[in-house]
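**Student:** Starting off with a structure, shown below.
In the numbering used here, the protein residues as written are 91 to 494.
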């Protein structure tokens, strides 16, 4: 028989409730006090239940289970009830995350999330094993090395897929009604944050931004300066398959396209709101911009794309963005682990929410994968649209412009 201890605090609270019930009609003040008391008892009872369950498992489960494992499982289960972007990171996982933010790690080069209970690819990173294997945004990873991803946390999936360069990982992919397996060899993922290309025959420059990591804004500022010095009259900024990254970097990048303007607002619980303004110390280009987007454009890339359009500095071409409109804060813990928790939702400078729906482009151009012809229809149309603007000094009507 399990001995049950009588908690003195709980016993006293119970006596208070009995005495109140036995009394006369309650005043509003007393009713409010009793309601709070009920909540205190409920909360205390829940925590007591948790402790009792933990003790029962340790005492009676058929096999011995380490307390650390049980507590980690409880934390992960609790965070799964919060949302798909929050999670617990062990010390090793936290170090991996910091390494990734610096732009280099061992893996296959994909960004993932848990959407509707399924492990989903946000985007492959360009020129990485995942990209070269043909993985696409919105592919569902059903298994990793034969282990089902059902109920698998995002961080656990990341941990399995990372590893030493030269080793392989097997993914089972679901794409619509199709299911197939891929063996992908891990490499050292050294992310080229900003890449440029000049078009000598045109007055247009091209800049690709892969992620918003440390130094993204500095590298993009330098690239824009080089375009201006080369006499370019317009820019194409490529955010396709850009999964986002550091929030402050999105503000710094936006500052290149707007002087002392509101970049975004984030709204926290209890309607607390914080506004981020552009950094006036950044270079501020007046060049018109076309931003390329697709379903792999998420988070920070959505902030910048929305800002450029809201400030009437440019237009969006391509497909709707991913729709990750929430802010995650990282809370380091005393044992070296960390908690990644959603602390706010953000809105573009035009007060447009991004969460779930994403941004609709001004010119919808579906991506056509043609590895034989190596054509990029979205890029071709972006060049046409920006060339039209430079010639007419106005953006072409999306309904009249030939997007076929």
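Virtual Cβ for every residue (Gly too), placed ideally from N, Cα, C.
As the structure is a prediction and not an experimental result, all values here were calculated from the model.
1) Contact defined as beta carbons within less than 8 Å: I believe residue 213 pairs with residue 388. What is the distance between those atoms, to the nearest angstrom?
2) Kindly provide the ranges of any alpha helix (DSSP H) runs that are 4 or more residues long and lie completely inside the region 369–414, ordered along the chain.
3) Rounding to the nearest angstrom, what Cα-Cα distance links residue 166 and residue 431 in this structure?
4) Determine which residues share a DSSP beta bridge with residue 208 and list them.
5) May I ask you to report which of helix, strand or coil DSSP gives residue 198?
6) Ordered along the chain, which non-local residues of its own chain (more than five positions away) have a Cβ less than 7 Å from that of residue 199?
7) Residue ranges of each beta strand (DSSP E) run of no fewer than 3 residues wholly in the region 211–255, ordered along the chain?
8) Whose C-alpha, out of 343, 149, 185 and 137, is nearest the C-alpha of residue 164?
9) What residues match up with residue 186 in a beta bridge as DSSP calls it?
10) Tell me whether the beta-carbon of residue 407 lies closer than 8 Å to the beta-carbon of residue 395.
11) Among the candidates 314, 352 and 404, whose CA atom is the shortest distance from the CA of residue 374?
12) What do you get for residue 403, buried or exposed, if any count of 16 or more other CB atoms within 10 angstroms of its CB means buried?
13) Check residue 337 in the structure and name its three-state DSSP category.
14) Report yes or no: do the region 171–181 and the region 228–248 share at least 3 C-beta pairs separated by less than 8 Å?
15) Straight-line CA distance for residue 399 to residue 151?
16) Taking C-alpha atoms, which residue in 140, 325 and 272 lies nearest to residue 477?
17) Which residue comes first and which comes last in the beta strand (DSSP E) that contains residue 353?
18) What's the C-alpha gap between residue 301 and residue 473?
19) Compute the Euclidean distance between the alpha carbons of residue 158 and residue 201, then round it to the nearest angstrom.
20) Give me the DSSP bridge partner(s) of residue 443.
21) Going straight from the alpha carbon of residue 310 to that of residue 299, what length do you get?
22) What whole-angstrom Cβ distance do residue 196 and residue 255 have, given they're in contact under 8 Å?
23) For the candidate residues 155, 228 and 250, whose alpha-carbon lies nearest to that of residue 237?
24) State the beta-bridge partners of residue 274 as determined by DSSP.
25) Give me the Cβ distance between residue 368 and residue 345, rounded to the nearest whole Å; I'm assuming they're in contact under 8 Å.
26) In whole angstroms, what is the alpha-carbon distance linking residue 479 and residue 293?
27) Is the Cβ-Cβ distance between residue 356 and residue 435 less than 8 Å?
28) On the DSSP letters alone, give me the boundaries of the alpha helix (DSSP H) that residue 475 sits inside.
29) Measure from the alpha carbon of residue 362 to the alpha carbon of each residue in 312, 433 and 378, then state which is nearest.
30) Between residue 328 and residue 289, which are expected to be in contact by the criterion C-beta below 8 Å, what is the C-beta distance as a whole number of angstroms?
31) Within a Cβ cutoff of 6 Å, which residues of the same chain sit near residue 422, ignoring the five residues on either side of it in sequence?
32) Go to residue 155, then tell me how far its alpha helix (DSSP H) extends in each direction, as first and last residue.
33) What separation, rounded to the nearest whole angstrom, lies between the Cα atoms of residue 486 and residue 378?
34) From residue 385 to residue 265, what does the alpha carbon distance come to, in whole angstroms?
35) Pop quiz: residue 348 and residue 184 are said to be a contact at Cβ under 8 Å. What is the actual Cβ separation, rounded to whole angstroms?
36) As a quick exercise: from 144, 172 and 441, pick the residue whose alpha carbon is nearest that of residue 160.
**Tutor:** Per the coordinate set shown:
1) 7 Å
2) 390–400
3) 12 Å
4) 205
5) coil
6) 214, 215, 218, 219, 220, 221 and 279
7) 230–234
8) 137
9) Answer by DSSP bridge pairing: none, since residue 186 is not bridged.
10) no
11) 314
12) buried
13) helix
14) yes
15) 59 Å
16) 325
17) 352–357
18) 23 Å
19) 29 Å
20) 437
21) 8 Å
22) 5 Å
23) 250
24) 259
25) 4 Å
26) 12 Å
27) yes
28) 467–482
29) 433
30) With a Cβ gap of about 13 Å, residue 328 and residue 289 do not count as contacting.
31) 428
32) Looking at the DSSP string, residue 155 is not in any alpha helix (DSSP H), and its letter there is neither H nor E.
33) 13 Å
34) 14 Å
35) The pair is not a contact, with the Cβ atoms about 34 Å apart (cut-off 8 Å).
36) 144
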